[in-house]
Amino acid sequence: LDMDEKFSISNVEYTRSSNPGEISVSRDGFKLMAFDYVTVRPDQYFSMQKIITVNGAVYYPGDYTILSPKETISSIIKRAGGLRPNAFADASLLVREGQNINLSIAKAIKKPNSKHDFKVLAKDIITINVHPNVVAVFGEVNNPGLFKFLPSLSTRDYIRLAGGYTSNANKSDVWIRYASGNAKEINRFSLFSPRVKDGSVITVALDESEKIDKTELAKEITGILASMAQVIAIVILAGK
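Residues 935 to 1174, numbered by my numbering, are exactly what the sequence shown covers, in order.
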């Protein structure tokens, strides 16, 4: 630093080159001299604010400061006012460093401080989705697309709504994926099939003896998922 007569010191420790030991001084009117060493020590209790973002169907979405190392999903959502009536916790997400974390936000909210209630970190993003009220059916069906969710309908009912199986369908390779990310295989010979829930995606695979057009399948899946995203976005906007 360039020295001048106006440069003074306030509440710091210092040493002089002629005496490397620490010297206790009064800060009032003290002037620095050439070759003095000034050390500004960090505050051991200070830390930069750590922010987490909460989006979607909560009463007060936005950015929240992590108040302690013990801050969890349930405590953050509570601070955000809790879930709105149209919230769909089973389909909600925690994104950390660009990756979806495989957990159940619904269980975290129902059982605070349990093994399901993850501790949050800076820059985490929690998104509480709304009920889409649709079920997607794609793969080897004649009319793939989105269909209204009705609790009374089974997987077989939705496949019929989608026009039934194509001639290339593998009826023994049918899966249902829930909004939570969990998936189950559907056994067509069983008397009981997995229950269809709101936001479910039913997939009918191609018979392995048939050649699959991966490009067309990818386009089909992308189109249906995009349509579902539009439905969710419309529901969110309608609820504002």
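Every residue, glycine too, gets a C-beta built ideally from N, C-alpha and C.
Alpha helix (DSSP H) runs wholly inside the segment 1046 to 1131, at least 4 long, in chain order | For the alpha helix (DSSP H) assignment, the uninterrupted runs of no fewer than 4 residues enclosed by the segment 1046 to 1131 are, from N- to C-terminal side, 1089 to 1095.
In three-state terms, what does DSSP make of residue 1035?
-> Three-state DSSP puts residue 1035 in coil, outside helix and strand.
Using three-state DSSP, classify residue 1007 as helix, strand or coil.
-> DSSP, read as helix, strand or coil, puts residue 1007 in helix.
Do you know offhand how far residue 945's Cα is from residue 971's?
-> Any answer about residue 945 is weak, because its pLDDT of 48 lies below 50 and its placement is not dependable; what the coordinates show is given next. Approximately 14 Å between the Cα atoms of the pair.
If you follow the beta strand (DSSP E) that residue 997 is part of, which residue opens it and which one closes it?
-> 996 to 999 is the extent of the beta strand (DSSP E) around residue 997.
Drop a sphere of 10 angstroms on the beta-carbon of residue 1002, count the other beta-carbons inside from all chains shown, and report buried for 16 or more, exposed for fewer.
-> Residue 1002 is exposed by the Cβ-count criterion.
For residue 937, which residues of its own chain have a beta-carbon under 8 Å away from its beta-carbon, when the five flanking residues on both sides are left out?
-> Residue confidence is low: residue 937 scores 46 on pLDDT, short of 50, so the model does not pin down where it sits. Its coordinate-derived value is still stated next. Excluding positions up to five away in sequence, the list reads 966, 967 and 968.
When DSSP labels each residue in this structure, what does residue 973 get in the three-state scheme?
-> Strand.
Does the Cβ-Cβ distance between residue 1018 and residue 991 come in under 7 Å?
-> In this structure, residue 991 lies closer than 7 Å to residue 1018 by Cβ.
Reducing DSSP to helix, strand and coil, say where residue 984 ends up.
-> Judged by DSSP in its simplified three-state form, residue 984 adopts coil rather than helix or strand.
With DSSP collapsed to three states, give me the class of residue 1023.
-> Residue state for residue 1023 is assigned as helix, using DSSP reduced to three classes.
Tell whether a beta-carbon distance below 7 Å holds between residue 1199 and residue 1089.
-> This structure leaves residue 1199 out entirely; the chain is present only between 935 and 1174.
Expected contact under 8 Å - CB spacing of residue 1004 and residue 1057 to nearest Å = The pair is not a contact, with the Cβ atoms about 18 Å apart (cut-off 8 Å).
Residue of 1072, 1066, 1015 and 1037 minimising C-alpha distance to residue 1082 | The shortest C-alpha separation from residue 1082 is found at 1066.
Beta-carbon gap between residue 1085 and residue 1096 smaller than 7 Å | The Cβ atoms of residue 1085 and residue 1096 lie no closer than 7 Å to each other.
In three-state DSSP terms, what is residue 1030?
-> Residue 1030 carries a strand assignment under DSSP once its states are collapsed to helix, strand and coil.
When the cut-off is 7 Å and only beta carbons count, does residue 1059 lie next to chain B?
-> Of the protein chains in the structure, only one exists, and it is not chain B.
Which value, in whole angstroms, describes the spacing of the CA atoms of residue 1049 and residue 1075?
-> For residue 1049 and residue 1075, the gap between their C-alpha atoms comes out near 40 Å.
Could you name the residues that DSSP lists as bridge partners for residue 1017?
-> DSSP lists 992 as partners of residue 1017.
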